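Take the sequence shown: its letter number 130 is residue 142 in the numbering used here, and every next letter is one higher. I have placed the structure first, in the form of structure tokens, so that the comments after it can refer back to it.
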Amino acid sequence: MITYHDTHEFTAAELERLFLSVEWSSGHFPDKLKAAMKGFKTVFSAYDGDKLVGMISVMDDGVMNAYVHYLLVDPAYQGMGIGRTLVEMVKKKYKDYLRIAVIGYDAELSFYEHCGFVKSEDASPLFITLLWT
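Here's what the structure looks like:
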């Protein structure tokens with residue numbers, strides 16, 4: 013049974029396992045991920061027993077804008093509604109905000125559109141990064 017939590021406390025090992033399960037290069041920096049989770053305004057997680065299988069993290073300005081930074085689900089658990097549930101938790105928490113934004117990789121655009129996000133026609137994400145995924 014999948015349970016959902018509102019916490020910023022994770023071990024470096026469980027973050028490393030989850031992030032590398034989806035082949036995200038940030039998984040190679042588990043200590044930085046652990047510290048980063050404490051800096052997010054909101055972090056919701058999904059567990060199968062004591063195994064971290066999904067998470068969503070959000071930064072916000074306190075009144076108008078919320079930005080979903082991480083949304084990931086272990087591939088062995090994809091297709092079970094975990095990602096959608098995490099998004100719904102964020103939408104509920106930020107229901108009075110004017111904007112919830114996410115940068116989605118092209119392969120995931122249909123997922124985000126099914127969750128209610130709309131692709132911008134006149135804006136593109138820009139990065140300065142050392143990460144390769």
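C-beta atoms are modelled at their ideal positions from N, C-alpha and C, and glycine is treated no differently. Bear in mind that the values here come from a model prediction, so they are computed numbers and not experimental data.
Item to complete: Output the distance between the C-alpha atoms of L143 and K107, rounded to the nearest integer angstrom.
Response: 32 Å
Fill in: Integer Cβ distance of H20 from M49, believed to fall under 8 Å
5 Å
Fill in: For V85: DSSP bridge partner residues
G66
Worksheet item: Taking one C-beta from the stretch 58-67 and one from the stretch 38-48 each time, how about it: are there three or more such pairs within less than 8 Å?
Response: no
Worksheet entry | Straight-line gap, K105 to T54 (C-alpha atoms, nearest Å) | 9 Å
Discussion item. For the structure I just gave you, are there three or more beta carbon pairs, one from the stretch 22-34 and one from the stretch 75-93, closer than 8 Å?
Written reply: yes
Discussion item. Using a 10 Å radius around the Cβ and a threshold of 16 neighbouring Cβ atoms, would you call L138 buried or exposed?
Written reply: exposed
Worksheet entry | Endpoints, alpha helix (DSSP H) assigned at T97 | I94 to K105
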